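So the sequence shown is numbered by the numbering used here: it starts at -7 and just counts up by one. Ideal Cβ placement from N, Cα and C applies to all residues, glycine included. From a predicted model like this one, the values you see are computed outputs, not experimental measurements. See below for the structure under consideration.
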Amino acid sequence: GWYGVFATEIAAMGKPVVTSIAPEYVAASGLEAPPRRAADEATIVDVLRDLAHRREELPAMGARAREFVLGRHSAVENARRVVADYADGCGSRAAAPQSS
C-alpha cells in the first residue's frame, strides 16, 4: 500500500497516521516515507493498542506528520517539483518560448 489523500489530510491536521506502506514502493519512488506507524490487517489491533498505551507520544507524532505534509505537499513545494520535473524532461528546451 501507499498513503493517500485521507492520510495526508489527517497528517496536515497534526494527527498521527497509521497506514501500510510497502517498503518496495518507498524504495522505487526514491521519496522519503511519511512519518507514521506502519500497520496492516495482521497488526492493526496491536498497533492501535500500543498507541492507546502511549498517548503522551501522540502530539509529537502528529507534529512530525504535519511538518512532513507542509514540507512535501504544500502548493509551493508541489509547484517547485513540477517546474523541476518539467526542466528535467525538457533539458535545454526549458527556457522561455521564442516568439516567431
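Helix, strand or coil, according to DSSP, for residue i in the structure here?
i	result
V9	coil
A71	helix
R46	coil
G(-4)	coil
P89	With a pLDDT of only 45 at P89, under the threshold of 50, the placement of this residue in the model should not be trusted, and no figure is reported.
A34	coil
E24	coil
Since residue i contacts residue j with CB under 8 Å, what's their CB separation in whole angstroms?
i	j	result
V39	R29	5 Å
D32	S12	5 Å
Name, in chain order, the residues that DSSP records as bridge partners for residue i.
i	result
R29	V10
Terminal residues of the continuous alpha helix (DSSP H) containing residue i?
i	result
A19	P15 to S21
Decide if the stretch 45 to 57 is in contact with the stretch 1 to 12; the criterion is three or more beta carbon pairs, one per stretch, under 8 Å apart.
Below 8 Å, enough C-beta pairs join the stretch 45 to 57 and the stretch 1 to 12 to call them touching: three or more.
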